[in-house]
Amino acid sequence: MKMKELLLFLSCVLCGSADALHTDIHVVGCSYIHGGVMFGLDREELWYADFEKQVDVYPQPPFIQLISFGDGAYETAVSNLYGCRQLLQLSRTGMKDYPLQRDAPSRVMIYTRDEVELTVKNTLICHVTGFYPAPVKVSWTKNGRITTGGSSINNPYPNKNGTFTQIARLKFIPQQGDVYSCTVEHLGLTKPLIKTYNVETSGMPETLKPSFGPAVFCGLGVIIGVLGAAGGTFFILKANKWI
Ligand SMILES: *[C@@H]1O[C@H](CO)[C@@H](O)[C@H](O)[C@H]1NC(C)=O
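Spelled out as structure tokens, the structure:
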């Protein structure tokens, strides 16, 4: 028994590692106003430079064994960004009037990180993909009002086809009836894309939703049963000429 379990487990590890091709990524990106430098592994951000706060950030939860990028990592990122801007300047002068390709986001999704329980802390996620160039601007509203507290957005992540993905997050506490939205702005869009999230309808667990289905079926079943019994009794009595 124990042996079987062990074999099963081992074969899982083997099949897992047989097709486990890890993807290690280092992104240096810039425009004249934006810039991002990050290291990632298997589509997860392991490290990025926050140029506004002038620090480096390890965004993974602490239970993940962290890979350190060293003490000088932030300074290296600053020089990467400087190099990127110089290249940008060079290519701009070299390729005069180079037409800028603009692909609007192909998909925007809004969902919660954890299963929703009313009054329990959660995170709303706005997942934007398929756009070029980066970045997109994402803003949040709660019940129609712009909300900024507890929101963040990760660095643009390159997709295989040359477009980008960005994930915006908003910390929130689900309250019955609250409506949230994420608004996505991009160079390729003529008007912003808006996705809404309704705590009332999408957030309630199945068991709390008012449900008439089973009660109606049960009631119908009882009525049909009673009618059937009455009909049967009638025909039995009739056959025996009692009525
Ligand atoms: C590029 O890839 C993204 C995500 O992988 C996808 O959503 C998008 O539709 C693709 N765009 C094109 C032009 O193929």
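FYI, the numbering for the sequence shown is -20 to -1, 1 to 223, going by mature numbering (1 follows the signal peptide of the UniProt record, and there is no 0). Think of the CB as a built atom: it goes at the ideal place given N, C-alpha and C, for glycine as much as any other residue.
{"Query": "Excluding the 5 residues flanking Glu148 on each side, which residues of the same chain have their C-beta closer than 6 Å to its C-beta?", "Result": "With the sequence shown as reference, residue 148 is identified as Ala, and Glu is not the correct amino acid for it. These residues qualify, in order along the chain: Cys106, Val118, Ile133."}
{"Query": "When we look at the beta-carbon of His166 and count the other beta-carbons within 10 Å, is it buried (16 or more) or exposed?", "Result": "buried"}
{"Query": "Can we count Arg23 as close to ligand 1, meaning its CB is less than 6 Å from some heavy atom?", "Result": "no"}
{"Query": "Tell me which residue opens and which closes the beta strand (DSSP E) that Glu24 is part of.", "Result": "24 to 30"}
{"Query": "Nearest to residue 226 by alpha carbon, out of Val88, Gln81, Val17?", "Result": "Residue numbering for the chain in the displayed model covers -20 to 223; residue 226 lies beyond these limits and cannot be assessed."}
{"Query": "Express the C-alpha separation of Arg65 and Ser161 in angstroms, rounding to a whole number.", "Result": "34 Å"}
{"Query": "When DSSP builds the beta bridges, which residues end up paired with Cys10?", "Result": "Gly15"}
{"Query": "Taking the Cβ atom as the reference point for each residue, do Leu104 and Phe49 lie within a distance shorter than 7 Å?", "Result": "no"}
{"Query": "Within a Cβ cutoff of 6 Å, which residues of the same chain sit near Tyr91, ignoring the five residues on either side of it in sequence?", "Result": "Ile105"}
{"Query": "Could you check which residue in Ala114, Ile126, Thr145 has the C-alpha nearest to that of Glu25?", "Result": "Thr145"}
{"Query": "Does the distance from the CB of Tyr28 to the CB of Asn135 come in under 7 Å?", "Result": "yes"}
{"Query": "Does the stretch 55 to 71 come close enough to the stretch 7 to 15 to have 3 or more Cβ pairs within less than 8 Å?", "Result": "yes"}
{"Query": "Kindly list the residues whose CB is nearer than 8 Å to the CB of Gly9, restricted to its own chain and excluding five residues on each side of it in sequence; keep chain order.", "Result": "Gly15, Gly16, Val17, Cys64, Ala114, Asn135, Pro136"}
{"Query": "Kindly list the residues whose CB is nearer than 6 Å to the CB of Val7, restricted to its own chain and excluding five residues on each side of it in sequence; keep chain order.", "Result": "Met18"}
{"Query": "Relative to the alpha-carbon of Gly130, which residue among Lys175, Asn123, Thr109, Lys101 has its alpha-carbon at the smallest distance?", "Result": "Lys101"}
{"Query": "What does the alpha-carbon distance come out to for the pair Ala53 and Lys122?", "Result": "37 Å"}
{"Query": "Look at the Cβ atom of Val164, then the Cβ atom of Val96, and state whether they are nearer than 7 Å.", "Result": "no"}
{"Query": "What did DSSP end up calling Lys117 once you bin it into helix, strand or coil?", "Result": "strand"}
{"Query": "Would you say the beta carbon of Thr109 is closer than 6 Å to some non-hydrogen atom of ligand 1?", "Result": "yes"}
{"Query": "Report the rounded CA-to-CA distance for Phe31 versus Ser11, giving the unit in angstroms.", "Result": "13 Å"}
{"Query": "By how many angstroms is the C-alpha of Lys76 removed from the C-alpha of Thr128?", "Result": "39 Å"}
{"Query": "What's the gap between the Cα of Leu68 and the Cα of Pro154?", "Result": "44 Å"}
{"Query": "Which residues does DSSP list as the beta-bridge partners of Asp83?", "Result": "Tyr112"}
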